[in-house]
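Structure record follows, encoded as structure tokens.
Protein chains: 2
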Amino acid sequence: MREPAISAISETEPRSQDCPATSGQDTKQRLLDAAEQLFAERGFDGTSMRAVTQAAGASVSAANYHFGSKQALLGATLRRRIEPFNRRRLELLDGLEAGGAVPDVEQLMDAFFRPPFERAAEASGEQRALLRNVAARLWHDPPEIVAALRVELFGEVIDRFVAALVRALPHIRPARAEMLLELSVGLLVQALNGQAVSLSSSDADAVRQVLVRYAVAGVVAAAQEHPA
Amino acid sequence: MREPAISAISETEPRSQDCPATSGQDTKQRLLDAAEQLFAERGFDGTSMRAVTQAAGASVSAANYHFGSKQALLGATLRRRIEPFNRRRLELLDGLEAGGAVPDVEQLMDAFFRPPFERAAEASGEQRALLRNVAARLWHDPPEIVAALRVELFGEVIDRFVAALVRALPHIRPARAEMLLELSVGLLVQALNGQAVSLSSSDADAVRQVLVRYAVAGVVAAAQEHPA
DNA sequence: GTCTATATGTTGATAGAC
DNA sequence: GTCTATCAACATATAGAC
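Note that the protein sequences, when read in sequence, are chains H and R.
Residues 1 to 228, numbered by the working numbering, are exactly what the first sequence covers, in order.
Residues 229 to 456, numbered by the working numbering, are exactly what the second sequence covers, in order.
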């Protein structure tokens, strides 16, 4: 998945006249792929535009033409990776709430945790390693673009799941539900990014089940404001 | 270019005022303070030696004289901040295990989570903001020095607490205990770094209690390999 | 111990040819 | 749309005066 893009520059546009319109999209995709991998491996500041464009077999100018800036390129990679997860989360939640049903905490946490693991199971080793770091970067890198993206990408998901948690735990205050969901995100990030958890050597399903069990018990136990 | 803005950051300890002889230690401390704050705010790659030395009112050469390299400077800041936490963790664990006692999961998780919150309670607002990011950087930044430091600083703590967890939960496999402790670290990092948790506006004790309640229930529930 | 000055490399972004 | 060439700014690290 790394070098085959070189062939694109070894020949001088053999079919460029046949489909010139798709050449732009193709380069854009290769840039996105290369940027995603490098940002995940070496971080935003640790990745130069030159490194990205070389890996993609393109020029720095091409990247700036398509994305405008390095920050916008990072935003595009994160958006592309996260959006499907959150669409899937909402899809699962919609299913659980169909017909006015009130899903319980276990169903909710499972719906929240499942999407990245589905992707991990179907992905190659390299993609899994990548996935781990994307999560860590998105939740712990301070740059402004990441904070804005977090709201853009996660806002609806957080709102919907907090509301569902409030319904599942009738005596919980919404602020507490939000706090517990955020703590659960820490659990998920650690699981995806961790060492001992080792997504690559374990069965993704097994890890997810441990995670869900941990989170369900934790959320239920910490839901009460003043425990006995 | 700038005024010697030193007072904004100096925080370490009330040092004696012998000026010329201890001038070296003084500069070293100021560099450490400035580096810690800037690394926390802008990350390792986002922080230049120039920024650090200007904030500390010193020169780049002085920093390289004292620490040798930028990476070593990062290592020094993390070591200074993390070491007391882990000493305190081991101290609390020693207390719990005194006389051959076998502490339960709640005592263990409390001892593991408490030190950063103690520090947070006694610290200023700036220090609390800083603390949050130190945790996130140490656990999610990929650079080699961070990985090595993690083993150096956390190795003994992890070993001791995993062993204690195995004693507290007799049927748990050590690998599972290690996984659950690592997941719990994710919980802690998210609590220290999170938005909704908001250490600065809440009572640190209250947050810690929620955290402990979440983790205890989670660890106990996820300890069994094959739940009914 | 700390400084000034500098060596040497890299960065993100742009200009303009094609 | 993509390239080559180039820019100004900034990076880390070192040399040598004091």
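Glycine included, C-beta positions come from ideal geometry on N, C-alpha and C.
Asked: Chain H contact for R/Leu336 (CB, 7 Å cutoff); Found: no
Asked: Among H/Ala163, H/Ala56, H/Val157, the one whose alpha carbon lies nearest that of H/Val102; Found: H/Ala163
Asked: Closer than 7 Å to chain H by CB, R/Asp254; Found: no
Asked: Contact under 7 Å by Cβ, R/Ala445 with H/Gly218; Found: yes
Asked: Three or more C-beta pairs below 8 Å linking the region 411-418 of chain R and the region 164-181 of chain H; Found: no
Asked: Per-residue contacts from H/Asp45 into chain R (C-beta, under 7 Å); Found: Gly271, Asp273, Gly274
Asked: Cutoff 7 Å: H/Gln233 Cβ touching any chain R Cβ; Found: Since the displayed chain H opens at 1 and closes at 228, residue 233 of chain H lies outside it and no answer follows.
Asked: Straight-line Cα distance separating R/Ala279 from H/Ser48; Found: 21 Å
Asked: Closest Cα partner of H/Gln54 within the set H/Leu38, H/Gly68, H/Phe67; Found: H/Leu38
Asked: Residues within the region 183-194 of chain H neighbouring chain R, beta-carbon criterion of under 9 Å; Found: Leu183, Ser184, Val185, Gly186, Leu187, Leu188, Val189, Gln190, Ala191, Asn193, Gly194
Asked: Cα-Cα separation, H/Ile9 to H/Ala58; Found: Unreliable placement is indicated for H/Ile9, whose pLDDT of 32 sits below 50; the coordinate value is still reported in the next sentence. Whole-angstrom Cα-Cα distance: 8 Å.
Asked: Classification of H/Glu36 by the beta-carbon crowding that lies within 10 angstroms, buried from 16 upward; Found: buried
Asked: Cβ-Cβ separation, H/Glu106 to H/Val212 (assumed contact under 8 Å), whole Å; Found: 7 Å
Asked: Through-space distance from R/Ala396 to H/Ala177, alpha-carbon basis; Found: 29 Å
Asked: Under 7 Å by beta carbon: chain R residues contacting H/Gly218; Found: Tyr442, Ala443, Ala445, Gly446
Asked: Outcome for H/Gly232 when other beta-carbon atoms lying within 10 angstroms are tallied against a minimum of 16; Found: The requested residue 232 of chain H is not part of the displayed model; chain H covers only 1 to 228.
Asked: N-terminal and C-terminal residue of the alpha helix (DSSP H) that H/Arg173 is part of; Found: Segment: none, H/Arg173 is in no alpha helix (DSSP H) and carries neither H nor E.
Asked: Residue-chain proximity (H/Ala222, chain R), Cβ-Cβ < 7 Å; Found: yes
Asked: Where H/Ala215 falls, given that 16 or more other Cβ within 10 Å makes a residue buried; Found: buried
Asked: 7 Å Cβ cutoff met for R/Pro344 and R/Arg317; Found: no
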